[in-house]
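Step one of this worksheet: look at the structure below.
Number of protein chains: 2
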Amino acid sequence: MLSHNQTKLLTALQVKKYRQKYRKFTVEGEKMAAELLAQQRVGVSAIFGLERWAADNAALLQPYLEKFNPVSEAELKKISALTTPNKVLVVAELPDEPFDPAIFQRDFCFFLDGIQDPGNLGAILRVADWFGIPAVGCSPDSADAFSPKVVQASMGAFLRVKIWEMPLEDVLEIMPDLPVLGAVLGGNNVFQAELPTKGLVVIGSEGRGISPAAEARLTHRLTIPRHPSGGAESLNAAVAAGIVAAIIRNH
Amino acid sequence: MLSHNQTKLLTALQVKKYRQKYRKFTVEGEKMAAELLAQQRVGVSAIFGLERWAADNAALLQPYLEKFNPVSEAELKKISALTTPNKVLVVAELPDEPFDPAIFQRDFCFFLDGIQDPGNLGAILRVADWFGIPAVGCSPDSADAFSPKVVQASMGAFLRVKIWEMPLEDVLEIMPDLPVLGAVLGGNNVFQAELPTKGLVVIGSEGRGISPAAEARLTHRLTIPRHPSGGAESLNAAVAAGIVAAIIRNH
Chain A
1 MLSHNQTKLL TALQVKKYRQ KYRKFTVEGE KMAAELLAQQ RVGVSAIFGL
51 ERWAADNAAL LQPYLEKFNP VSEAELKKIS ALTTPNKVLV VAELPDEPFD
101 PAIFQRDFCF FLDGIQDPGN LGAILRVADW FGIPAVGCSP DSADAFSPKV
151 VQASMGAFLR VKIWEMPLED VLEIMPDLPV LGAVLGGNNV FQAELPTKGL
201 VVIGSEGRGI SPAAEARLTH RLTIPRHPSG GAESLNAAVA AGIVAAIIRN
251 H
Chain B
252 MLSHNQTKLL TALQVKKYRQ KYRKFTVEGE KMAAELLAQQ RVGVSAIFGL
302 ERWAADNAAL LQPYLEKFNP VSEAELKKIS ALTTPNKVLV VAELPDEPFD
352 PAIFQRDFCF FLDGIQDPGN LGAILRVADW FGIPAVGCSP DSADAFSPKV
402 VQASMGAFLR VKIWEMPLED VLEIMPDLPV LGAVLGGNNV FQAELPTKGL
452 VVIGSEGRGI SPAAEARLTH RLTIPRHPSG GAESLNAAVA AGIVAAIIRN
502 H
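Quick note, the sequences are listed as chains A and B, same order.
Residues in the first sequence are numbered from 1 upward in steps of one, following my numbering.
Residues in the second sequence are numbered from 252 upward in steps of one, following my numbering.
Here it is, written out as structure tokens:
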């Protein structure tokens with residue numbers, strides 16, 4: 001049985017302010033719950049699942065028995081951020097790793113410059129997770145990477161990709177010599193350009209692309225060439241991130 | 252002044268059944284309205300805009316004066332599919348071009364095999380529009396390419412990219428020798444594979460990827476290589492479409 005206070009606290013975690021305050025976020029669905037419970041990096045605070053989910057996942061649940069709370073379908077619906085709740089909701093601990101410049105120094109990382117759409121943000125984290133991009137920096141005006149919608153769209157990328165919120169200038173103050181790549185109009189063809197072996201790949205926001213402040217810091221101005229018969233003014237931010245990541249990993 | 256019947260008809264166009272029945276769809280926002288009014292391919296049936304939008308766009312509106320209906324902000328809110336309506340809503344005529352195999356015979360085209368998410372479908376049409384992919388086939392179980400959400404996410408791609416709804420088997424019955432490319436697990440590295448100069452690029456659905464029926468028709472089984480340190484199980488459908496399109500246009 002869920003108490004009124006538990007329900008209130010759990011739904012509060014759908015809001016960034018409370019995720020920050022309690023240092024927790026929610027992860028829903030059988031698949032992501034299974035991934036989360038099977039790893040050690042991200043802490044598990046509590047599990048709210050249907051009895052039949054618990055029965056089907058006894059081995060997985062074994063180390064967490066004292067954190068498990070059986071709930072009814074109606075209770076799950078009350079605390080879920082999904083339209084169609086899926087058997088289990090896990091309360092996880094927000095990663096609290098201190099910013100680690102060493103990761104940024106040795107490989108490519110993304111920097112999200114004001115990405116607003118949770119679906120895009122999730123898809124970009126998934127791109128990072130697919131192409132082995134170890135860390136993603138987020139400008140403070142980006143959407144929150146631990147909101148339910150982003151977590152859902154990222155398909156568990158937060159378990160493997162490190163995510164830090166920090167202004168670009170702070171990152172570059174720590175690492176002033178880091179190459180900074182970005183897709184802009186009128187840059188060098190990304191298929192032909194000389195590319196560094198590491199660096200920050202800046203992904204501009206949906207509405208305005210890369211901000212003037214970030215564009216001023218680019219060391220590599222790249223362009224995904226539009227076909228001569230193409231008419232679109234731009235590509236979706238996650239699509240552009242995917243294309244650049246595919247190329248830096250395979251050129 | 253909008254009559255009750257007009258309001259009912261306009262909001263009905265948010266539903267596929269009524270778009271099909273009336274052969275019309277809606278396009279919202281200043282930018283896409285300007286693009287739509289400036290071209291000839293897609294017919295304009297009616298325009299509902301704020302007086303100040305009309306004043307600011309007098310030249311654009313000139314050929315359409317008898318189709319223009321001034322509305323108040325409150326009226327626009329009633330007929331809009333957007334959370335924040337943007338000055339103008341245009342009722343456009345659903346393209347009625349007969350299926351043209353010649354387009355598919357001479358270039359790469361997409362075939363969407365059950366894409367469900369309107370944001371993904373819109374982003375894929377935008378990919379087609381950027382890379383000059385002239386036509387997109389949609390399986391009957393894909394989301395409708397003319398729904399307000401898809402139109403919004405596609406940023407006007409429907410003005411340039413031809414879109415047909417048709418089962419894959421029908422397309423291939425007409426063109427049995429067409430190369431059929433698709434991203435699957437365990438295919439050839441798309442960066443290294445020998446690629447044809449034309450063909451159908453099948454994009455699988457978000458949930459299950461390419462359907463078994465479509466996979467059986469692939470002549471080119473391709474894989475976007477996952478980095479050895481990557482953990483994701485798959486890429487977002489629009490991201491995958493973008494990467495394949497970038498490569499077929501630049502290899």
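From the three backbone atoms N, C-alpha and C, an ideal C-beta is built for every residue, glycine too.
Beta-bridge partners assigned by DSSP to Asn250 of chain A: none are found. Among the residues of the segment 297-319 of chain B, none has a Cβ less than 9 angstroms away from any Cβ of chain A.
Look at Ser154 of chain A here: in three-state DSSP terms it is helix. For a Cβ distance threshold of 7 angstroms, residue set Asp129 and Arg160 of chain A lies close to Gly482 of chain B, ordered along the chain. Within the same chain, and ignoring the five residues on either side of Ile494 of chain B in sequence, the residues whose Cβ sits closer than 6 angstroms to its Cβ are Ile475. Under the three-state reduction of DSSP output, Arg126 of chain A falls in the helix class. Taking the Cα positions, Ala246 of chain A is about 9 angstroms away from Phe442 of chain B. The beta carbon of Asn236 of chain A is closer than 8 angstroms to those of Asn120 and Glu206 in its chain, skipping five residues each way along the sequence. Taken in chain order, the unbroken stretches of alpha helix (DSSP H) that lie wholly in the segment 151-212 of chain A and span 4 residues or more are 168-174. The segment 269-277 of chain B makes no contact with the segment 378-394 of chain B, as fewer than three CB pairs between them are under 8 angstroms. Contacts with chain B (Cβ-Cβ distance below 8 angstroms) from the segment 217-244 of chain A involve Ile224, Pro225, Arg226, His227, Pro228, Ser229, Gly230, Gly231, Ala232, Glu233, Ser234, Leu235, Asn236, Ala238, Val239, Ala240, Ala241, Gly242 and Ile243, listed in chain order. Taking 9 angstroms as the cut-off, the beta carbon of Ala386 of chain B is found closer than this to the beta carbon of Phe355 of chain B. Rounded to the nearest whole angstrom, the CA to CA distance from Pro101 of chain A to Trp164 of chain A is 11 angstroms. Secondary structure at Arg270 of chain B: helix, using DSSP grouped into helix, strand and coil.
The secondary-structure analysis by DSSP pairs Ala92 of chain A across a beta bridge with A:Phe25 and A:Val44. Nearest CB-CB separation between Asn337 of chain B and chain A: not below the 9 angstroms threshold. Using beta-carbon distances, Arg41 of chain A does not count as an interface residue toward chain B, since no partner is under 9 angstroms. For Asn5 of chain A, the uninterrupted alpha helix (DSSP H) run begins and ends at His4 to Ala12, by DSSP.
Asp364 of chain B: not part of any alpha helix (DSSP H); member of the beta strand (DSSP E) spanning Phe359 to Asp364, first to last residue.
With a threshold of 9 angstroms between beta carbons, Ala123 of chain A makes contact with chain B.
Two segments are said to touch when three or more pairs of C-beta atoms, one from each, lie closer than 8 angstroms; by this definition the segment 45-53 of chain A touches the segment 65-73 of chain A. Excluding residues up to 5 positions away in sequence, Gly388 lie with their Cβ nearer than 6 angstroms to the Cβ of Val422 of chain B in the same chain. Shortest Cα-Cα distance from Val239 of chain A to any of B:Gly460, B:Val452 and B:Phe382 involves B:Phe382. Counting along the chain, Leu288 of chain B sits inside the alpha helix (DSSP H) bounded by residues Glu281 to Leu288.
The DSSP-derived three-state label of Arg221 of chain A is strand.
Excluding sequence positions up to five before and after Leu218 of chain A, its CB lies within less than 6 angstroms of the CB of Val180 and Gly182, all in the same chain and listed in chain order. Taking a contact to require three or more Cβ pairs closer than 8 angstroms, the segment 358-372 of chain B and the segment 334-344 of chain B do not qualify as touching.
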